[in-house]
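For what it's worth, our numbering labels the leading residue of the sequence shown as -10, then goes sequentially. This report refers to the structure that appears directly beneath it.
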Amino acid sequence: MPSYTTFDIRNIALVGHGGAGKTTLTDALLYKAGIIVAQGDVTKGTTVCDFDPQEKEHQRSLNSALVSFDYDGKHINLLDTPGYPDFLGRAISVLPAVETAAVVIEARAGVEMSGRRMMEAAAKAGLCRMVIVNKIDAEETDLSDVLQQIHDAFGTQCLPLNLPTGGGSGIVDCFFASSSDQETDFSSVSEAHTQVIEQIVEMDEELMELYLEQGDALEPAALHGAFKKALREGHLIPVCFTSAQTGVGIPELMKILFTLTPNPQEGNQAIFQKSKDKDAEKLVPTLDPKANILAHVFKISIDPFVGKLGVFRIHQGTVTKDSQLFVSGGRKPFKIGHLLKLRGKDNVEIDAGVPGDLCAVAKVDEMYFDAVLHDSHDNDETQPPINDTPTPMFGLAIQAKTRGDEQKLSDTLHKLDAEDPSFRIEQNAVTHETVVRGLGELHLRITLER
């Protein structure tokens, strides 16, 4: 069994517009946690998550990447997602795997389209949400204006847990500390602290009365339950400030991510359905490690060396290397054999995965995106949580250069279709053309490069 339990797990997706710094932020967190010896650079192709040759060439994330690591008694599953609009399908598709979506915003650019889209998708998925304002030390940046943009776009429930100081050269905590003599670039520690505490205590009448009695003397530990409830209900969307490149705000962000975000037992539970019928009975997993296994495949990748790699979230039961699982309604089970944890392109084999964990298994040809994995025929018809990936509308007709290449083209297209939830293949019955569809010209061009 792993050294951690469901209670210790934190599942977090970094989402937001392209160029906001999600991949660099992931490296900064890994470096601060002592997982990597040096922080990578997107422009040099040395980051943990942008390991694909295409990503290195284009210097942007094209796929979602999972990094799992242990830190300070917690087990972290962090998903770095692409942010350019043409690749949002690959970002939205991983949301059912996490409890928390952190929308990363570039300080100078402010709130951009993909950030808005991902905030909406996370809210629709019932996720706890937070905002990370990155690159706060960039020139000509007005951070108070950025916070106003966040309020205008996402609501006044977006409240800072820390504040920048020294023109973005430092960070001052305003949640765990109620006051500070240190100057901030805008607002004040006491004002920000009061705003966030009052937002939290609104969730609990008894806590509100206690706060009215004790004021700032109320310990943050007393707010734990109400804080998580405020996150679940979207009554509070924490905001924090960082510069991933220089490391400013990274220790503070780690404390927030690993102590304040919910574990799988504290987040809103995923909802399955017992069948495809629209009126079918809802099924809420129990998170019981002794229950029948129920897992959901949220990502597929196909590697020439590893083969088909299915990444899944365990919703109930314990998956071991000896587990025999059915793929949705399949009649023949497969044996796990090698249960994996991922860290970018690298993986490590583990003995077991507990409810709430994100794991992977390779070389299972029957596995596909959005499949339900289970070990009981009672779940043969069970449908996964709703995945609101965008519908591909941009079409392009393609054909093989020669008739001899037709089968090779077909095989390649079906591999691409298996990996990308927003890529489609159609056969035009009138023209007999093969038409591929995606979210835009860039999406199809990058996809067909492969």
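All C-beta atoms in this analysis are idealised placements derived from N, C-alpha and C, irrespective of residue type, glycine included.
Using 8 angstroms as the threshold, is the region 277 to 288 in touch with the region 347 to 367, meaning 3 or more CB pairs across them? Judged by Cβ distances under 8 angstroms, the region 277 to 288 makes contact with the region 347 to 367, as three or more pairs qualify.
With burial defined as no fewer than 16 other Cβ atoms inside 10 Å of the residue's Cβ, what is the status of Thr391: buried or exposed? Thr391 counts as exposed, since fewer than 16 other beta carbons sit within 10 angstroms of its beta carbon.
Member of Leu18, Ala215, Val87 whose CA lies at the smallest distance from the CA of Phe301: Nearest C-alpha to Phe301: Val87.
Since Ala360 is in the beta strand (DSSP E), which residue starts that stretch and which ends it? Per DSSP, Ala360 belongs to no beta strand (DSSP E) and is neither H nor E.
For Val300, the three-state DSSP class (helix, strand or coil): Looking at Val300 - three-state DSSP - the assignment turns out to be strand.
Neighbourhood of Pro410 by C-beta, 6 angstroms cutoff - its chain only, sequence neighbours within 5 removed: Answer for Pro410: Gly78, Ser82, Phe358, Thr378, listed in chain order.
Confirm, please, whether the CB-CB distance from Val228 to Pro149 is below 8 angstroms. A contact, by the Cβ cut-off of 8 angstroms.
Is it right to say Val419 is buried, meaning 16 or more other beta carbons lie within 10 angstroms of its own, or is it exposed? Classification for Val419: exposed.
Just how far apart, CA to CA, sit Gly214 and Glu255? Spanning the two alpha carbons is a distance of roughly 9 angstroms.
My understanding is that Glu516 touches Asp162, with C-beta atoms under 8 angstroms, so please give their C-beta distance in whole angstroms. Given a span of -10 to 439 for the chain in the structure shown, any question on residue 516 remains unanswerable.
Where DSSP assigns a beta bridge to Glu415, which residues make up the other side? Paired residue(s): Val424.
Looking only at its chain, what residues have a beta carbon closer than 7 angstroms to the beta carbon of Asn417, apart from the 5 residues adjacent to it on each side? Result list for Asn417: Val424, in chain order.
Exposed or buried, what is Leu329 when buried is set at 16 or more other beta-carbons lying within 10 Å of its beta-carbon? Residue environment: Leu329 is assigned as buried (16 or more neighbouring CB atoms within 10 Å of its CB, all protein chains considered).
Is the region 364 to 383 touching the region 299 to 319 in the sense that three or more CB pairs, one from each, lie closer than 8 angstroms? Yes, they touch.
Just checking my contact of Asp126 with Ser158 at CB under 8 angstroms: how many whole Å lie between their CB atoms? Indeed, because the Cβ distance is near 6 angstroms, the residues count as touching under 8 angstroms.
Contained beta strand (DSSP E) runs [length at least 3] in the region 380 to 414, N- to C-terminal order: Segments of the beta strand (DSSP E) lying fully in the region 380 to 414: 383 to 387.
Please report the distance separating the alpha-carbon of Thr35 from that of Gln258. Between Thr35 and Gln258, the C-alpha separation is close to 36 angstroms.
7 angstroms Cβ shell around Ala389 - same chain, five flanking residues per side excluded: Listed in chain order, the non-local C-beta contacts of Ala389 below 7 angstroms within the same chain comprise Glu395, Leu398, local neighbours out to five positions each way being set aside.
Contact set for Val178: own chain, Cβ-Cβ below 7 angstroms, skip 5 residues either direction: Closer than 7 angstroms at the Cβ level, and outside the excluded window around Val178, lie Leu152, Val161, Cys163, Ala166, Ser168, Ser169.
How far does the alpha helix (DSSP H) with Met108 in it reach, from first residue to last? 102 to 113 is the extent of the alpha helix (DSSP H) around Met108.
Assigned exposure category for Arg439 - 16 Cβ within 10 Å defines buried: The residue in question, Arg439, is exposed, as its Cβ has fewer than 16 Cβ neighbours within 10 Å.
Give me the Cα-Cα distance between Asp59 and Val190, rounded to the nearest whole angstrom. About 31 angstroms.
Thr(-5) versus Pro381: straight-line alpha-carbon distance, rounded: Rounded to the nearest angstrom, the two C-alpha atoms are 36 angstroms apart.
Distance check for Leu68 and Val56, CA to CA, integer angstroms please. Take the alpha-carbon of Val56 and the one of Leu68: they are about 6 angstroms apart.
For Ser57, write down the residues that DSSP places opposite it in a beta bridge. DSSP lists Asn66 as partners of Ser57.
What number of angstroms, rounded off, separates the C-alpha of Tyr(-7) from the C-alpha of His64? About 7 angstroms.
Residue range of the beta strand (DSSP E) that includes Arg(-1): Element bounds for Arg(-1): -2 to 5.
So which of Leu196, Cys117, Pro344, Glu101 has the shortest CA-CA distance to Thr250? Distance check between Thr250 and each of Leu196, Cys117, Pro344, Glu101 places Cys117 closest, using alpha-carbon atoms only.
Let me make sure I understand the geometry here. Which of Asp340, His224, Asp335 has the alpha-carbon closest to that of Thr307? Of the candidates Asp340, His224, Asp335, the one whose C-alpha sits nearest the C-alpha of Thr307 is Asp340.
To the nearest angstrom, how far is the alpha carbon of Met192 from that of Lys218? Each residue's CA atom was taken as its position, placing Met192 and Lys218 some 7 angstroms apart.
Could you tell me which residues DSSP puts in a beta bridge with Phe315? For Phe315, DSSP records a beta bridge to His363.
With DSSP as the reference, please indicate the residues paired to Glu338 in a beta bridge. Glu338 pairs with Leu329.
Rounded to the nearest angstrom, what separates Glu270 and Leu385 at their Cα positions? Taking the CA atoms as reference points, Glu270 sits about 40 angstroms from Leu385.
Apart from the five residues on each side of it in sequence, which residues of its chain come closer than 8 angstroms, Cβ to Cβ, to Val343? Around Val343: Met(-10), Pro(-9), Tyr(-7), Thr(-6), Thr(-5), Ile(-2), Pro278, Ile303, Thr307.
Let's see if you can read the secondary structure: which residues bound the alpha helix (DSSP H) around Phe247? Taken as a continuous stretch (DSSP letters only), the alpha helix (DSSP H) holding Phe247 covers 239 to 248.
For Gln48, I'd like the list of residues in its chain whose CB is within less than 7 angstroms of its CB, leaving aside the five on either flank, ordered along the chain. Taking C-beta separations shorter than 7 angstroms and ignoring five residues to either side along the sequence, the partners of Gln48 in its chain run Val31, Thr32, following chain order.
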